[in-house]
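Residue numbers (full-length UniProt numbering), protein chains in the order written: chain A, 1 to 436; chain B, 1 to 464.
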Amino acid sequence: MSLLEQINLPKGINSRENNTGEVKLHRQYYPSRLNLYTIPPINEITIEEFESFALDRLTVLKEIEATILRNKSEGESKEYINQVLAQYLPLHTNSSSEAYSIQQERKKDHISHFILRLLNNKEKHEIKDQLRASSPHVNPETEVFFEVDFEKVLDLVRRRVVYIKGGKAYVPMRDQLALVIDEFRNRLDKALKDTCRALPEIDQEGQVMPILNQIDHQKSGQGYSCSKKIEGQITADDVDQLTEHFPLCMRHLHNKLQENKHLKHYGRMQYNLFLKGIGLSVEEALRFWRTAFSKLNDDKFQKSYAYNIRHNYGMEGKRTDYAPLNCMKIITNNQPGEGDHHGCPFRHFSEDNLSRTLYNAGVTDKAQIRQILEYAKGHHYNIACTRFFELTRGSGSKEQGMMAAINHPNEFFEKSYQLSQEGSLGNNATTNTITG
Amino acid sequence: MSNENSESVSPMEIDGETQQQSANDENINSVIIDLSDNIKRFDDELTMNEKMRIFYQRFFPYKPYYHWLNYETSPTKAFLNREFSFTLDDMYVRFQSFKDAEELKNELLRSVPSKIDIGAVYTMRPKDKKFAPPNSFKPIMKELVIDIDITDYDDVRQCCSKADICLKCWQFITVAIKIIDKALRDDFGFKHLLWVYSGRRGVHCWICDSRARKLDNDGRKAIISYLAMIKGGAQKEKKVFLPRSLHPSLERAYKIVDHYFTVLALEYQDIMDTPERWTKVLKCIPEEDIRKALNEEWKKTPSRSSTLKWDDLLQALQNVVDKNTKEVVAKKRADALETIKREIQFQYIYPRLDENVSAHINHLLKSPFCIHPLTGKVCVPISPDNFENFDPTKVPTVSSIICEMSQWNQKHPNASVQPGERKMNDYEKTSLKPYVKYFEDFVQEILKDVWIRKRAAQQRTMEF
Chain A
1 MSLLEQINLP
11 KGINSRENNT
21 GEVKLHRQYY
31 PSRLNLYTIP
41 PINEITIEEF
51 ESFALDRLTV
61 LKEIEATILR
71 NKSEGESKEY
81 INQVLAQYLP
91 LHTNSSSEAY
101 SIQQERKKDH
111 ISHFILRLLN
121 NKEKHEIKDQ
131 LRASSPHVNP
141 ETEVFFEVDF
151 EKVLDLVRRR
161 VVYIKGGKAY
171 VPMRDQLALV
181 IDEFRNRLDK
191 ALKDTCRALP
201 EIDQEGQVMP
211 ILNQIDHQKS
221 GQGYSCSKKI
231 EGQITADDVD
241 QLTEHFPLCM
251 RHLHNKLQEN
261 KHLKHYGRMQ
271 YNLFLKGIGL
281 SVEEALRFWR
291 TAFSKLNDDK
301 FQKSYAYNIR
311 HNYGMEGKRT
321 DYAPLNCMKI
331 ITNNQPGEGD
341 HHGCPFRHFS
351 EDNLSRTLYN
361 AGVTDKAQIR
371 QILEYAKGHH
381 YNIACTRFFE
391 LTRGSGSKEQ
401 GMMAAINHPN
411 EFFEKSYQLS
421 QEGSLGNNAT
431 TNTITG
Chain B
1 MSNENSESVS
11 PMEIDGETQQ
21 QSANDENINS
31 VIIDLSDNIK
41 RFDDELTMNE
51 KMRIFYQRFF
61 PYKPYYHWLN
71 YETSPTKAFL
81 NREFSFTLDD
91 MYVRFQSFKD
101 AEELKNELLR
111 SVPSKIDIGA
121 VYTMRPKDKK
131 FAPPNSFKPI
141 MKELVIDIDI
151 TDYDDVRQCC
161 SKADICLKCW
171 QFITVAIKII
181 DKALRDDFGF
191 KHLLWVYSGR
201 RGVHCWICDS
211 RARKLDNDGR
221 KAIISYLAMI
231 KGGAQKEKKV
241 FLPRSLHPSL
251 ERAYKIVDHY
261 FTVLALEYQD
271 IMDTPERWTK
281 VLKCIPEEDI
291 RKALNEEWKK
301 TPSRSSTLKW
311 DDLLQALQNV
321 VDKNTKEVVA
331 KKRADALETI
341 KREIQFQYIY
351 PRLDENVSAH
361 INHLLKSPFC
371 IHPLTGKVCV
381 PISPDNFENF
391 DPTKVPTVSS
401 IICEMSQWNQ
411 KHPNASVQPG
421 ERKMNDYEKT
431 SLKPYVKYFE
441 DFVQEILKDV
451 WIRKRAAQQR
461 TMEF
């Protein structure tokens, strides 16, 4: 990619340029806003800056991720992201250098990128999405094509929007950005691997690691490893009764499990982790699934299913204590196929099925159903789900008119459960009691 | 890859009769001879475990198998660092690895796994995993694999359900192989495609080109997403949405889909025979008035065959076009309705892939030449020339080949080996022969390719 070589990269201006022998403070100069992050920053920064830079960039990335999820039009997304950028990570053009300290801004962009690299491979996907989301449409009338290996334009291959023959992809000029993205992705990939190896050396004084862990925690958002909202121990027998507080995705899994005495792999995973999140212990979870899979004999259950249930609880294999899946993961990962019941009803149900499900769950007003279907159609799955919550349970707290969008099935559960404890369920005129 | 091995590994010795046969084997051999008159008696008197032992002892094609996974004749990391996983009686053992075919054979005879899975090639030997520094044990290569399972067609087939198959629904698999095989070869340029019957209700494809083996997860996901069309779970009736102009790859697939649709969907599976089933088809049509009209009409004549109902449906779509007198509008409508027709055809015929199996480099997949634990069938490779004629109900089983072997031995009591003469392999006495032969040829092609590329690389360095 000779194109890349021509882009101005931040140059290190260092003490080599004056031959006095005295060591000067290292400074980097950024001639343009575009940074491919080839050269690491060499500035000194305070620990406070380190943390705030990283958290600001993280906020931006999270917003970009959320925007992709909401699937807004390109114009809308761009406008929104620009607002977020202006607040957390402004990057002004050279022509506005008088009004803004553009070098400071670019330094922050540069350094924060490299801090997040330290968080390692987990971060990679978010940056990739950022790259994807930011690809603009170019004039489609040009007819020049690049012949490249298909591995170079995986995103175009994935969407089946490029012609491929004999392992070569024919990329129109307007899609050349895909090539730049690939080049950046490869460089980043390699750099992340290097960083991973160098991390112990970077943090010899042990100062950086605690902050990184803190940032990492922020990144993954609120975890629902165990809910404290419910008094006492939940047992397998309680689950059936608690389903009235479940979001539709989980209620659907529960019903299908009762109906078929079986769930396929990803359905089991989604539901089991959720149950773990509401406070079911591993022993009770095993009992719950054993009872539910009533058609199986004990031997088959132990051999084929018990392992996975314990695995979810971090008792097998890598011993990772898996967190309950959030809405983002349920909506975007592991798309359901034939015979699968997992996923998000607002995303993965046909319109007919969704409206029937809503009706059965207590939304009987046609206009209200139509409103939720509209949200789902516009890809606002979380808002649709939140609206469903409001219509069936009241709006969270009485003071606020609208509640914040629900982003986690366990959050749905906890809010619903809490409301019922406060006794506000039933006060609301639109509320319908739900029977599992 | 090939030059990286520093291990000295003793040359393979797998063909010769060097293995000591235990007393147990002798015992089994005499049983084999006693029982040679019919398969049924084998099934009654030998346990599955005993039959498996005989299979691993006498039939498993170690030599080509080793060459396949090693990708060269001299030992390489491709085999040394390859993960094998075994299903034993009561547990599943992961991260096994072997230095050569002989070590593999010894282990198979020792533990007699009911199933062998193949995983990725790792940065180090999988069996040394526990000694690896954190984060250093990583998968680096694996064949791209594709898994097609007939149970994913349960909503469109009615001849069988669950794990059962018959020649009628096997046609779905035949179509799937044809479409996917073509796309992998023509579009992606892959050459070394090994299709393997999974022993019961589906097929696997192992794409062995070095370029495919090097793909990372993103590459695998991209290819599988390029190939996959049927999207949506049990709660979504319409699972195919086509763009207005079809991608060349789908255009090619459509020819195959269209060709099979009449016989497979309309005749064999009779996809519109009951109100419940024709409603499923109608749900793919966005126009409510067409849906209603057809539904009313068919309620009056429910016994009309699916073929006739399909004609009704096409006619109804055509009527909508004809109503538009303006040519431009009519053309647009015609295109839209053609798309609906194709979407239905795709939904019923196009391959359904288990994407998760393909997407991850470290995903395990059942090895070729396993015995399916429940059917006893050998997971045999399927030759591309034979896609159409492959009959899963006639695949040799572990019992049938043992029986064939002992019958052959009885007919040729004096088949002792003269000095200098090759001893006949046991598989050659059975119906397993053509499958092993095909596998050997397949592996030879790979080795030839590797050799040519190595030579070219050597010549390049010599020129400089």
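C-beta atoms are modelled at their ideal positions from N, C-alpha and C, and glycine is treated no differently.
Looking only at its chain, what residues have a beta carbon closer than 8 Å to the beta carbon of residue i, apart from the 5 residues adjacent to it on each side?
i              : result
Tyr153(B)      : Cys169, Phe172, Arg352
Asn70(B)       : Thr76, Ala78, Phe79
Lys433(B)      : Tyr427
residue 437(A) : Because chain A in this structure spans residues 1 to 436, residue 437(A) falls outside the shown range and cannot be described.
Leu118(A)      : Thr195, Leu199, Ile202, Val208, Leu212
Ala169(A)      : Glu147, Val148, Asp149, Phe150, Lys152, Val153, Leu156, Val157, Val162, Tyr163
Leu286(A)      : Ala306, Ile309, Arg310
Going by beta carbon distance, what residues of the same chain come within less than 7 Å of residue i, once the five residues before and after it are set aside?
i         : result
Gly317(A) : His311
Ile349(B) : Val175, Val257, Tyr260, Phe261, Leu264, Ala265
Val395(B) : Tyr197, Lys377, Val378, Val380
Glu126(A) : Note that Glu126(A) scores a pLDDT of 40, beneath 50, so its modelled location is shaky and nothing firm can be said.
Leu282(B) : Arg291, Leu294, Asn295
Ile165(B) : Ile150, Arg201, Pro392
Using the Cβ count rule (16 or more neighbours within 10 Å means buried), how would you classify residue i?
i         : result
Gln104(A) : exposed
Lys326(B) : exposed
Lys415(A) : buried
His412(B) : exposed
Trp451(B) : exposed
Glu422(A) : exposed
Gly277(A) : buried
Phe439(B) : buried
Phe60(B)  : buried
Met91(B)  : exposed
Glu44(A)  : exposed
Thr291(A) : exposed
Ile42(A)  : exposed
Ile47(A)  : exposed
Glu45(B)  : exposed
Asn272(A) : buried
Cutting at 6 Å between CB atoms, please list the residues of its own chain near residue i, excluding the five before and the five after it.
i         : result
Gly206(A) : none
Asn334(A) : Tyr266
Gln347(B) : Lys239, Val240
Arg187(A) : none
Ala384(A) : Phe346, Ile372, Tyr375, Ala376
Just checking: is the beta-carbon of residue i within a distance shorter than 8 Å of some beta-carbon in chain E?
i         : result
Ile309(A) : Among the protein chains of the structure shown, namely A and B, there is no chain E.
Mind checking who residue i pairs with in its DSSP beta bridge?
i         : result
Gln96(B)  : Phe84(B)
Val171(A) : Phe146(A)
His204(B) : Asp147(B), Val196(B)
Ile111(A) : Paired residue(s): none; Ile111(A) is not in a bridge.
Cβ-heavy atom distance between residue i and the ligand NAD below 7 Å?
i         : result
Ile180(B) : Ligands in the displayed structure: none, and consequently the ligand NAD is not present.
To be precise: take each residue of the region 288 to 303 of chain B, compare its Cβ to all Cβ atoms of chain A, and keep it if any distance is under 8 Å. Which residues remain?
Within the region 288 to 303 of chain B, no residue qualifies.
In chain order, what residues of the region 176 to 206 of chain B put their CB closer than 8 Å to some CB of chain A?
For the region 176 to 206 of chain B, which is checked against every Cβ of chain A, the residues closer than 8 Å are Asp186, Asp187, Phe188, Gly189, Phe190.
Which of the residues in the region 187 to 212 of chain A, read from start to end, lie with their CB under 8 Å from any CB of chain B?
Sequence-ordered contacts of the region 187 to 212 of chain A with chain B read Cys196 [C-beta pairs closer than 8 Å].
Do the region 328 to 348 of chain B and the region 125 to 138 of chain B make contact, defined as three or more Cβ pairs closer than 8 Å?
Verdict: no, contact absent.
Chain A contacts made by the region 218 to 236 of chain B, where a contact means CB separation under 8 Å
Cβ proximity to chain A below 8 Å picks out Asp218, Gly219, Lys221, Ala222, Ile223, Ser225, Tyr226, Ile230, Lys231, Gly232, Gly233, Ala234, Gln235, Lys236 from the region 218 to 236 of chain B.
Would you check if there are 3 or more beta carbon pairs closer than 8 Å linking the region 176 to 184 of chain A to the region 241 to 252 of chain B?
No, the region 176 to 184 of chain A is not in contact with the region 241 to 252 of chain B.
Which residues, taken in chain order from the region 312 to 345 of chain A, show a beta carbon closer than 8 Å to some beta carbon of chain B?
Within the region 312 to 345 of chain A, those residues whose Cβ lies closer than 8 Å to any Cβ of chain B are, in chain order, Asn334, Gln335, Pro336, Gly337, Glu338, Gly339, Asp340, His341, His342, Gly343, Pro345.
Could you say if the region 254 to 264 of chain A and the region 317 to 332 of chain A meet the contact criterion of at least three C-beta pairs nearer than 8 Å?
With the cut-off at 8 Å, the region 254 to 264 of chain A and the region 317 to 332 of chain A do not touch.
Below 8 Å, can you find three or more Cβ-Cβ pairs linking the region 48 to 56 of chain A to the region 95 to 115 of chain A?
A contact exists between the region 48 to 56 of chain A and the region 95 to 115 of chain A.
Pull out every residue of the region 256 to 276 of chain A whose Cβ sits closer than 7 Å to any Cβ of chain B, in chain order.
Of all residues in the region 256 to 276 of chain A, none places a beta-carbon less than 7 Å from a beta-carbon of chain B.
Given a limit of 7 Å on CB to CB distance, which residues of the region 158 to 186 of chain A reach chain B?
Listed in chain order, the positions of the region 158 to 186 of chain A with a beta carbon within less than 7 Å of a beta carbon of chain B are Arg158, Arg160, Tyr163, Ile164, Lys165, Gly166, Gly167.
Can you list, in chain order, the residues of the region 146 to 179 of chain B whose Cβ is nearer than 8 Å to any Cβ on chain A?
From the region 146 to 179 of chain B, only Thr151, Asp152, Tyr153, Asp154, Asp155 have a Cβ closer than 8 Å to chain A.
Using a Cβ-Cβ cutoff of 8 Å, what residues of the region 243 to 255 of chain B are near chain A? List them in chain order.
Listed by position, the residues of the region 243 to 255 of chain B near chain A (Cβ gap below 8 Å) are His247, Pro248, Ser249, Leu250.
Residues in the region 349 to 383 of chain B with C-beta within 9 Å of chain A's C-beta atoms, listed in sequence order?
For the region 349 to 383 of chain B, which is checked against every Cβ of chain A, the residues closer than 9 Å are Arg352, Leu353, Asp354, Glu355, Asn356.
Of the residues that make up the region 121 to 139 of chain B, which ones have a beta carbon closer than 9 Å to any beta carbon in chain A?
Taking 9 Å as the Cβ-Cβ cut-off against chain A, the residues of the region 121 to 139 of chain B that qualify are Asn135.
So does the region 38 to 52 of chain A actually touch the region 87 to 94 of chain A, counting three or more Cβ pairs closer than 8 Å?
No: fewer than three Cβ pairs fall under 8 Å.
With 7 Å as the C-beta to C-beta threshold (strictly closer), list the residues of the region 353 to 374 of chain A near chain B in chain order.
Flagged, chain order: Asn353.
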